[in-house]
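Residue numbers (mature numbering (1 follows the signal peptide of the UniProt record, and there is no 0)): -19 to -1, 1 to 701. Remarks on the structure that follows.
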């Protein structure tokens, strides 16, 4: 038996028209509204993707100006005007914007509270679409029926369910709905079978009882109102822009190399979503990743980035620009990569300099801004421009070049092994910080951007094995390292001037004062340089191992100062400069300058004796002794100050200059000096090889008489 629905019929006037205005609209029934789309009455503000906002739907009388009360249902949604500017009705509803607005004898109804309203995509020119029933169908949803569900909703102050709306529609168009159902079942084609597919006419009375999907319900409702109603659009249009730009940087490297191209991720994101996300704000698109700040890239934001051009523009400057640092050139390598795709761009960028580069993605009011449509609005709380995004990215040299390499001995064709790096081989070279194109990066300097540079120097292993390396760069401290390991040197950043620096490295071996070494050559093989803050470990392929292939010769040296005795008031002695080889000591004929090692007269201590030095020639140097304040005969011990690299003794301790508190002949060279006079006693002239030699604390008398009793007329000598 067919269920009967009783409908009260009466004459309806025209529905007039509708409009959407901002939430701050304050006029009421009977007031007049301007017909100018850009008047404050009709103005629609710029909105932000995913940011909830409120607005008002107003009903106007047939004069299109006077606010008039209305009783009925209006279906609203948002559309993209640019989708089909010549046929706006063809533009689809933007997801999540479909709403029922119920007028209960009102002229103004607010939307967005308590149920939130937000737009989930970017739109340059959006409009509100309003569907409403016209003529005899006007106010149809509010006619009395004997369906208790609808009656309670209509008489009360509740939302009108889709099921109820369908029942009212079916009461008016039941026969047509039945014919559509037959058509669907029998395959017949019946003209004007409206909304059969959208509404699924399975049950004329309640076809939506099994359709809980809101999108499907909205499609049915939109179809019904579209067929038997009218569509109007908001008088003003407005933009729905991204909330802000984000520059994420490169996903792989924290520091980038000058001149090399990298993919830099940039995003245009919507307003941060609340936690939890309300049903009406759930993103309608799959694959949209939310970041830790609950921001999602903006769907349909597909603008193209320029560099220092029109919006959106990527601006940049060196963070130390105020110090006169070179700004460098930032360029887009692949123009296609500069285009956003649904709010995400992987821009292929290249920067030719080094430094901390501050990049800012922003818009200007230049006619290219996304919300240009609202640029002339007198009031706009959200503002037209997308909030800018900035990030500082550090660029380091692509690689270092090493040029002008020179490796020289510390002396005349040789270098004495020494703990004192004043005697050392010298390695000098120039280092240049380069970009990928091989150009020197001028900003690689201390007041702009430079780091200490790690140098790695490889070499042969000296045989026979010498002691540990000792070495230093002139502006660093001394380091010691096993001689079979590469030398690691730090070149301080303050040495760099406009991307170039000179290295000066002293290299030697820690001398063992008791155990001599045979001569050996040190051959340097390669030099590698890398920025101290390089994010990659160790030394990598882009920092080339620059070949050196230069060598120096190291000698184990000593000074030999013999004992001396004589009858004259002036004595002359010869000191020799020697090197060790295969168990023997040889005169170093290349020791031709005091720079290579000498006696320091000012620190030498010889009581009652003054000394002076003659010319150093062929590894020998004459020493002149003269008594001071005391007459012969007398004998003294000489304590000599020398360069430490000339110190050797079989029982040696670490070298120390002689002083009033240090007359230990195991810490510096000593010899015996005898000024002789004639008498009948014996006086001795010592043998350097005697067990009583000066460095073995010799003191010998031949008779019981002291040296003071010797006389020139009876002196005899004996070797012991």
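Backbone N, C-alpha and C define an ideal beta-carbon position, used for all residues, glycine too. Computed from a prediction, not measured in an experiment: that's the story for all the values here.
Which one or two residues does DSSP pair with residue 655 in a beta bridge?
-> The sequence position of residue 655 within the chain shown is 674, counting from 1. The partner list for residue 655 (beta bridge, DSSP) reads 546, 616.
Straight-line Cα distance separating residue 646 from residue 680 = Walking along the chain shown from the start, residue 680 turns up at place 699. Walking along the chain shown from the start, residue 646 turns up at place 665. Note that residue 680 scores a pLDDT of 35, beneath 50, so its modelled location is shaky; the value from the coordinates is reported in the next line. The straight-line gap from Cα to Cα measures roughly 14 Å.
Selection from 58, 265, 288 that minimises the alpha carbon distance to residue 315 = Counted from its first residue, the chain shown places residue 315 at position 334. Of the listed residues, the one whose Cα sits closest to residue 315 is 288.
Pair every Cβ in the region 374 to 386 with every Cβ in the region 220 to 238, then say whether three or more of these pairs are closer than 8 Å.
-> Under the 8 Å Cβ criterion, the region 374 to 386 counts as touching the region 220 to 238, having at least three qualifying pairs.
Name the one or two DSSP bridge partners that residue 606 has.
-> If you number the chain shown from 1, residue 606 lands on position 625. In the DSSP output, where bridge partners are listed per residue, residue 606 has 552, 592.
Beta-carbon separation of residue 570 and residue 618 under 8 Å?
-> The sequence position of residue 570 within the chain shown is 589, counting from 1. The sequence position of residue 618 within the chain shown is 637, counting from 1. For residue 570 and residue 618, no; Cβs fall outside 8 Å.
With distances taken Cα to Cα, identify the nearest neighbour of residue 513 among 542, 577, 499, 474.
-> Residue numbering aside, residue 513 sits at position 532 when the chain shown is read from its first letter. When C-alpha distances from residue 513 are compared across 542, 577, 499, 474, the shortest belongs to 474.
Following the continuous beta strand (DSSP E) through residue 85, name the residue where it begins and the one where it ends.
-> For the purposes of this step, residue 85 is taken as residue 104 along the chain shown, with counting starting at 1. Unbroken beta strand (DSSP E) run through residue 85: 80 to 87.
Answer yes or no: do residue 42 and residue -4 have a C-beta to C-beta separation smaller than 8 Å?
-> Sequence index remark: in the chain shown, residue 42 carries index 61 (1-based). Sequence index remark: in the chain shown, residue -4 carries index 16 (1-based). The answer is yes: Cβ separation under 8 Å.
Just the Cα atoms here: how many angstroms apart are residue 396 and residue 528?
-> Reading the chain shown from its first residue, position 415 is the one you call residue 396. Reading the chain shown from its first residue, position 547 is the one you call residue 528. Cα to Cα, the separation comes out at about 22 Å.
Check each candidate in 356, 585, 109 and name the one with the smallest Cα separation from residue 643.
-> Here residue 643 refers to the residue found at position 662 of the chain shown. Taking only the C-alpha atoms, the option nearest residue 643 is 585.
Through-space distance from residue 608 to residue 550, alpha-carbon basis | For the purposes of this step, residue 550 is identified with residue 569 of the chain shown, where counting begins at 1. For the purposes of this step, residue 608 is identified with residue 627 of the chain shown, where counting begins at 1. Distance between the alpha carbons of residue 550 and residue 608 is about 7 Å.
Beta-carbon separation of residue 560 and residue 537 under 8 Å?
-> One-based indexing of the chain shown puts residue 560 at position 579. One-based indexing of the chain shown puts residue 537 at position 556. Yes, the pair counts as a contact, with Cβ atoms nearer than the cut-off.
What are the start and end residues of the beta strand (DSSP E) that includes residue 226?
-> Translated into the one-based positions of the chain shown, residue 226 becomes position 245. Start and end: 225 to 230.
Going straight from the alpha carbon of residue 448 to that of residue 494, what length do you get?
-> Locating residue 448 in the chain shown gives position 467, counting from the first residue. Locating residue 494 in the chain shown gives position 513, counting from the first residue. The straight-line gap from Cα to Cα measures roughly 11 Å.
Any 3 or more C-beta pairs closer than 8 Å across the region 465 to 481 and the region 393 to 407 = Verdict: no, contact absent.
Backbone secondary structure at residue 338 - three-state DSSP | Here residue 338 corresponds to residue number 357 of the chain shown, with the count starting at 1. Here DSSP, grouped into helix, strand and coil, assigns residue 338 to strand.
Boundaries (first-last residue) of the beta strand (DSSP E) holding residue 111 | Indexing the chain shown from 1 puts residue 111 at position 130. Where residue 111 is concerned, the enclosing beta strand (DSSP E) stretches over 104 to 114.
Local Cβ density within 10 Å of residue 89, reported as buried at 16 or more and exposed below that | Start at 1 with the first residue of the chain shown, and residue 89 comes out as number 108. Buried, because 16 or more other Cβ atoms sit within 10 Å of the Cβ of residue 89.
Close-in-space but distant-in-sequence residues of the same chain around residue 70 (CB under 7 Å, 5 per side omitted) | Indexing the chain shown from 1 puts residue 70 at position 89. The beta carbon of residue 70 sits closer than 7 Å to the beta carbons of 212 from its chain, once the five residues preceding and following it are set aside; these are given in chain order.
Going by CA-CA distance only, name the one from 18, 92, 14 that's closest to residue 702.
-> No statement about residue 702 is possible, as the shown extent of the chain runs from -19 to 701 and does not include it.
In chain order, what residues of the same chain lie with their CB nearer than 8 Å to the CB of residue 345, ignoring the 5 residues before and after it?
-> To locate residue 345, count along the chain shown from 1; it is residue 364. The answer, listed in chain order, is 291, 292, 294, 366.
Just grab the DSSP bridge partners of residue 452 for me.
-> Taking the chain shown and counting its residues from 1, the one referred to as residue 452 is at position 471. In the DSSP output, where bridge partners are listed per residue, residue 452 has 460, 488.
Could you spell out the range, first to last residue, of the beta strand (DSSP E) harbouring residue 242?
-> Locating residue 242 in the chain shown gives position 261, counting from the first residue. For residue 242, the enclosing beta strand (DSSP E) starts and ends at 242 to 250.
Consult DSSP for residue 316 and reduce its assignment to one of helix, strand or coil.
-> Position 335 of the chain shown, counting from 1, holds the residue named residue 316. Here residue 316 sits in helix by DSSP.
How would you label residue 459, buried or exposed, when you count the other beta carbons within 10 angstroms and need 16 or more for buried?
-> By one-based count along the chain shown, residue 459 stands at place 478. When all chains shown are included, residue 459 counts as exposed.
Who does residue 55 pair with in a DSSP beta bridge?
-> To locate residue 55, count along the chain shown from 1; it is residue 74. Bridge partners of residue 55: 82.
Count the other CB atoms, across all protein chains shown, that sit within 10 Å of the CB of residue 107; report buried if there are 16 or more and exposed otherwise.
-> What you label residue 107 is simply residue 126 of the chain shown in a count that begins at 1. Answer is buried; the Cβ neighbour count reaches 16.
Output the distance between the C-alpha atoms of residue 301 and residue 332, rounded to the nearest integer angstrom.
-> The residue you call residue 301 lines up with position 320 of the chain shown. The residue you call residue 332 lines up with position 351 of the chain shown. So the alpha carbons of these two residues sit roughly 16 Å apart.
Tell me which same chain residues have a C-beta within less than 6 Å of the C-beta of residue 417, skipping the five on either side of it?
-> Within the chain shown, the letter at position 436 stands for residue 417. Only 240, 241, 379 meet the Cβ criterion.
Between residue 73 and residue 110, what straight-line distance do the alpha-carbon atoms span, to the nearest angstrom?
-> As a position in the chain shown, residue 73 is number 92, starting the count at 1. As a position in the chain shown, residue 110 is number 129, starting the count at 1. Going by the C-alpha atoms only, they are around 10 Å apart.
Kindly indicate which three-state DSSP category residue 280 falls into: helix, strand or coil?
-> As a first step, residue 280 must be located in the chain shown, where it is residue number 299. Here residue 280 sits in strand by DSSP.
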